[in-house]
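Top line first, the protein sequences correspond to chains A and F. Per the working numbering, the first sequence starts with residue 188, numbered consecutively. Per the working numbering, the second sequence starts with residue 655, numbered consecutively. Here a beta-carbon is modelled for each residue, glycine too, at the ideal position from N, C-alpha and C. Note that the structure is predicted; figures quoted are calculated from it, not measured. A quick write-up on the structure given underneath.
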Amino acid sequence: DQQVKQNSPSLSVQEGRISILNCDYTNSMFDYFLWYKKYPAEGPTFLISISSIKDKNEDGRFTVFLNKSAKHLSLHIVPSQPGDSAVYFCAASAGSQGNLIFGKGTKLSVKP
Amino acid sequence: NAGVTQTPKFRVLKTGQSMTLLCAQDMNHEYMYWYRQDPGMGLRLIHYSVGEGTTAKGEVPDGYNVSRLKKQNFLLGLESAAPSQTSVYFCASSSRRSYGYTFGSGTRLTVV
């Protein structure tokens, strides 16, 4: 029943290495995908997004890849920094009238 | 520019008590949302509004009511609080329904 799935509750990475966070979705009508970042005691903040007409979007150290045939997207952070330690939520929407549907989140820990 | 402001930030209620959470946004956004975040459950949509005077049910609406009498405010009410409503509540607003959400910093509610 869950339309947006983040199967890894947590991920630990060494500083300077690549972090890869994964997200799968089931609804083929989803056409816009976003990643949000959340620090403790704060609200989620927008990080990066991608439209279904693209397969890659890059913003500095952050890159999102979309594989529509596999209904899979991933967020790559290179290089990872301790300040990247947070919970990352994957979200998706279907059309201009669709609300965002969020995954359960992945807690990233970047160790110095 | 305050963005999205939630009050209160913390609250402890006894079972059966009622309360109202206030969300205010100063970005002239049409759309507003209430989410709850629980451990291992991600962000789940409670209710949302597509404009002043409108409200609609989200994924987990039971036990909550909402009102959007003014465009800038979105109120979430608990008529008779239950321990299952212990959660962190986030309000968000957006100018587009499918993306661009700005979140408040959250209200941590404990029902004992």
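message = If I measure Cβ to Cβ from F/G712 and keep anything under 7 angstroms in the same chain, skipping five residues before and after, which residues do I get?
response = L699, I700, H701 and Y702
query = Does DSSP put F/S738 in a helix, a strand or coil?
reply = helix
Residue from A/A273, A/G290 and A/V274 with nearest C-alpha to A/S280 = A/G290
query = At which residues does the beta strand (DSSP E) containing F/T669 begin and terminate?
reply = Unbroken run through F/T669: none, as it is neither H nor E.
ask   = A/D271 by DSSP, collapsed to three states: which one?
value = helix
inquiry  = Please list the terminal residues of the continuous beta strand (DSSP E) segment that includes F/S752.
reply    = First-last for F/S752: undefined, no H or E at that position.
ask   = Measuring CB to CB, does F/R775 end up less than 8 angstroms from F/V704?
value = Here chain F comprises residues numbered 655 to 766, so residue 775 of chain F is not present and cannot be evaluated.
query = Pairing CB atoms from the region 263 to 277 of chain A with CB atoms from the region 722 to 729 of chain F, are three or more of them under 8 angstroms?
reply = no
inquiry  = Quick check on A/T232: buried or exposed, where buried means 16 or more other Cβ atoms within 10 Å of its Cβ?
reply    = exposed
query = Taking just the CA atoms, how far does A/N254 sit from A/K192?
reply = 15 angstroms
key: Boundaries (first-last residue) of the beta strand (DSSP E) holding A/L262   = H259 to I264
inquiry  = Taking CB distances under 8 angstroms as the criterion, tell me whether F/G705 reaches chain A.
reply    = no
ask   = Would A/Y219 count as contacting chain F if we go by Cβ distances under 8 angstroms?
value = yes
key: Status (buried if at least 16 other CB within 10 Å, exposed otherwise) for F/T708   = exposed
inquiry  = To the nearest angstrom, how far is the alpha carbon of A/N209 from that of A/Y223?
reply    = 13 angstroms
message = Tell me which residues share the same chain as A/F252 and place their Cβ nearer than 6 angstroms to its Cβ, disregarding the 5 neighbours each side in the sequence.
response = K243 and S261
inquiry  = Would F/P737 and F/T674 qualify as a contact pair, given that the criterion is a beta-carbon distance under 8 angstroms?
reply    = no
task = Below 8 angstroms CB to CB, which residues in the same chain sit around A/K241 once its five sequence neighbours on both sides are set aside?
result = L253
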